[in-house]
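Quick mapping for you: the protein sequence lines, in order, are chains A and B.
Position one of the first sequence corresponds to residue 1 (the UniProt record's numbering), numbered consecutively onward.
Position one of the second sequence corresponds to residue 1 (the UniProt record's numbering), numbered consecutively onward.
Note that CB positions come from ideal geometry on N, CA and C, so glycine has one too.
I have placed the structure first, in the form of structure tokens, so that the comments after it can refer back to it.
There are 2 protein chains.
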Amino acid sequence: MTSTIKDVAAHAGFSIATVSRAINAPHTVNPVTLAKVREAIQALKFHPSPLGRQLRGERTRLIGIVLPTLANPVFAECLQGIDELAAEQGFRLMLMTTQYDEQRERHAIETLRAQRVEGLILTVADADTHPLLDELDADGPLYVLMHNDTKRRPSVSVDNHRAASDGVRMLIAHGHRRILMLAGTLAASDRARQRHAGYTHAMQQAGLTPAPALEIDFNADELAPEVLAHLTDVQQSPTALFCSNDLLAMVVMRGLRGARMRVPQDVSILGFDGLSMGELLAPALASIGTPNREIGRAAWQKLMARIVGEYADAPLALTLPHTLREGGTIAAIANTPLARAGQAPHASRESDGALLP
Amino acid sequence: MTSTIKDVAAHAGFSIATVSRAINAPHTVNPVTLAKVREAIQALKFHPSPLGRQLRGERTRLIGIVLPTLANPVFAECLQGIDELAAEQGFRLMLMTTQYDEQRERHAIETLRAQRVEGLILTVADADTHPLLDELDADGPLYVLMHNDTKRRPSVSVDNHRAASDGVRMLIAHGHRRILMLAGTLAASDRARQRHAGYTHAMQQAGLTPAPALEIDFNADELAPEVLAHLTDVQQSPTALFCSNDLLAMVVMRGLRGARMRVPQDVSILGFDGLSMGELLAPALASIGTPNREIGRAAWQKLMARIVGEYADAPLALTLPHTLREGGTIAAIANTPLARAGQAPHASRESDGALLP
DNA sequence: ATGAAAGCGCTAACAC
DNA sequence: GTGTTAGCGCTTTCAT
């Protein structure tokens, strides 16, 4: 292992150039020579150092991965998909996480670029307004965005707008009128915006009044009192909550349970991500699913195509289909006891669904 | 960015050697010169190429990570912990996953070694009988194992034996006698063995008869019929299931639900891993918790200490404390209806707890 | 305090 | 078909 191409050359009795050729272009070298070189390689357990190759300006076979976090299975699954193909094709992955921090995004990209990665697969907070990506377009390595929902850049994602409105329409079809959207505090992302836009769209289309997303602190053990108050408000309480991601939905479910609210009898819940563990909850979490492993694989393939220079005319943004998982957390409003403790049944649910200022 | 140390030297009017010193040993260079060089660096947006440094035989500031999978949050969390410290300390991470396959473990280690990583953090299937690790001990890069429960090698883990027996004792304290351990089919790992040994120990200590672990196919959508038959067998059915990991526990819970078995009324469940999402299940999953983020961080620190050469006398294996989460999936046997459908109450539960051949 | 030069492991002209 | 040589970007003696 510590042996170099020089050692092999000496051992085989040829020059290092011949050894190099024997490795990289076997057909250009005399079969007899080839055999001897190969024997020497065997004997010395020689493996070409990627470092030498990389420095020489060759292909580094290195791909940089930039993700917000691995704590969210969405990204871990994407990475899994990427890794499958990378391993298959002999590429190495350099991983950096950003915690949704733009500073760290910049740092990661610079580090990776300095490392001469051949390409970058990344998920950034906001793809549209990101100066870094313009820089990459200009002279950085090739990249593909993952889960960033933008038409302007090379990306693989679901149609968040459409997915969200599909989900909300489904809630409406189940008789819900007062539907509130919940989002994480860090949710200034393009996809969060798209999801809220989709929610808004579906609401308006049904003649209902959409509300701004209610922000939830992700890390808190319990729901903030004002949030809880809002959710349980006798007059205005929503009958369904659309959570901008599944982790958030789970946190909210726990919070509600702590507040003695029953899901779905008192309130229905729809998540977003389709995390498989959501199905194991009781009741199973209804959710809009994204094919994360596939998104990772597609991002890889798109990146490779760009590197090879194929499909230069392929559409920038690839949209993969989302799915709708109708789990047990959604109750038809007809089946829902309209009255909660101390609250009389009222027809106003059917009125306009206005939620809050 | 595409500028090299040469460009900087030219721009500043000094030799590349001086620029190099200005970067790596600022105190050895004239303050005025230093200022000029720094200005040039700014102007050209120069970042030293890691590649050049690495090739020169210097520190690569590269650490290899080898994990079975990222689909299991246990490893994703460990990686998260590692990444935190790596980013802080300016190291880059090269990641490879193995899917518990020894071939791929070998390949990953060789790839990483060729890449001149300064160190390796890995989780292998079986640390004790692994020739690769002996090779690493001999001349590989320094490494630290994570979650591999062995005393013979540098590692960070919980005491799986003790953790398992703690858990099983807890079940026994709740009145359970027929306790069966379930393991994944891929579970020929050292930690799975330790967990089963811990189970066996606790059972015997209580005068009960332990059974071999029942293997469950992880990926199947439903529990295999023979497994289900075994779990529901009128005469011998266990009152509690100890699952060797949480993901498995969740799959089993779903399978049981499909078979109309109630948890914990009909059967109690204890998992292993302490996945935070387990708390969100209903009922919340009882589990033995491992501090994954901390394990990742500790592995990092141990590796760094080894690289620097400190603590050469530190104990090889670091054991972190596990926790016991007593969730809703465990019922005291006294409260359990002893009779299930078509089965009369019987005192034999109190007898010897024998489970199966 | 600074520069010249060697060399890390490899590939790619360019000779022969 | 094979060898010679230059150089990728950097650090590090060894001189000056």
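_Let's see if you can read the secondary structure: which residues bound the beta strand (DSSP E) around Phe242 of chain B?_
240 to 243
_Would Met96 of chain B pass as an interface residue toward chain A - the criterion being a Cβ-Cβ separation below 8 Å?_
yes
*Would you decide whether Val308 of chain A is buried or exposed? Buried here means 16 or more other CB atoms lie within 10 Å of its CB.*
exposed
*Shortest alpha-carbon distance to Asp139 of chain A belongs to which of A:Ile216, A:Phe242, A:Arg116?*
A:Arg116
*Just mark Leu51 of chain B as buried or exposed, buried being the case when its beta carbon has 16 or more other beta carbons within 10 Å.*
buried
_Under 8 Å, Cβ to Cβ, is there at least one residue of chain A near Ala87 of chain B?_
yes
*asked:* I'd like to confirm the pairing. Which residues does DSSP put opposite Ile269 of chain A in its beta bridges?
replied: A:Leu241
_Straight-line Cα distance separating Glu215 of chain B from Ile121 of chain A_ = 38 Å
*Could one say the Cβ of Gln103 of chain B lies closer than 8 Å to chain A's Cβ atoms, at least one of them?*
no
*Would the stretch 216 to 229 of chain A and the stretch 138 to 158 of chain A be scored as touching if the rule is three or more Cβ pairs under 8 Å?*
no
*Neighbour flag for Gly274 of chain A against chain B, beta carbons, 8 Å*: no
*Between Gln265 of chain B and Ala331 of chain B, which are expected to be in contact by the criterion C-beta below 8 Å, what is the C-beta distance as a whole number of angstroms?*
6 Å
*asked:* Once DSSP output is grouped into helix, strand and coil, what is the label at Ser3 of chain B?
replied: coil
*Where does Met253 of chain B sit, in a helix, a strand or coil, going by DSSP?*
helix
*asked:* I'd like to know whether the C-beta of Met277 of chain A is nearer than 8 Å to at least one C-beta of chain B.
replied: yes
*asked:* My assumption, with CB atoms under 8 Å, is that Ala213 of chain B sits in contact with Ala183 of chain B. Please give the rounded CB distance.
replied: 4 Å
*Does DSSP classify Met261 of chain B as helix, strand or coil?*
coil
*Residue-chain proximity (Pro345 of chain B, chain A), Cβ-Cβ < 8 Å*: Here Pro345 of chain B scores only 37 on pLDDT, less than 50, and its place in the model should not be relied on; the value that follows carries that caveat. No, no contact with chain A.
*Nearest-angstrom Cα separation, counted from Pro131 of chain A out to Lys302 of chain A*: 22 Å
*As assigned by DSSP and simplified to three states, the class of Val19 of chain B*: helix
*Does the beta carbon of Gly52 of chain A come closer than 8 Å to any beta carbon on chain B?*
yes
*Below-8 Å beta-carbon distance, Leu338 of chain A vs any chain B residue*: At Leu338 of chain A, the pLDDT of 44 sits below 50, so the modelled position is not reliable; the number obtained from the coordinates is stated separately. By this cut-off, Leu338 of chain A is not an interface position.
*asked:* Would you say the beta carbon of Leu95 of chain B is closer than 7 Å to some non-hydrogen atom of the ligand FAD?
replied: Ligands in the displayed structure: none, and consequently the ligand FAD is not present.
*Going by the CB atoms, is the gap between Ile82 of chain A and Ala299 of chain A shorter than 8 Å?*
yes
*Check Thr28 of chain A in the structure and name its three-state DSSP category.*
helix
*Counting only the same chain and skipping the five closest in sequence on each side, list residues whose C-beta sits under 6 Å from that of Ala114 of chain B.*
none
*With distances taken between CB atoms, is the gap from Ala286 of chain A to Arg260 of chain A smaller than 8 Å?*
no
*asked:* Is it buried or exposed, Ala314 of chain B, if we count other Cβ atoms within 10 angstroms and call 16 or more buried?
replied: exposed
*Is Arg38 of chain B close to chain A, meaning its C-beta is less than 8 Å from at least one C-beta of that chain?*
no
*Selected residue, minimal CA-CA separation from residue 358 of chain B, among B:Thr28, B:Thr98, B:Arg169*: As shown, chain B starts at 1 and ends at 357. That puts residue 358 of chain B outside it, with no answer to give.
*asked:* With a threshold of 8 Å between beta carbons, is Gln205 of chain B in contact with chain A?
replied: no
*Name, please, each residue of chain B whose Cβ falls closer than 7 Å to the Cβ of Thr111 of chain A.*
Arg92
_Any beta carbon from chain B within less than 8 Å of Ile5 of chain A's own beta carbon?_
no
*Using the beta-carbon of each residue, which ones in chain B are nearer than 9 Å to Ser49 of chain A?*
Leu55, Ala114, Gln115, Arg116
*Are residue 359 of chain B and Ser165 of chain B close, meaning C-beta to C-beta below 8 Å?*
Coverage of chain B is limited to positions 1 through 357, which leaves residue 359 of chain B absent and any answer about it impossible.
*Starting from the Cα of Met253 of chain A, find the closest Cα among A:Gly328, A:Leu133, A:Leu34 and give me that residue.*
A:Gly328
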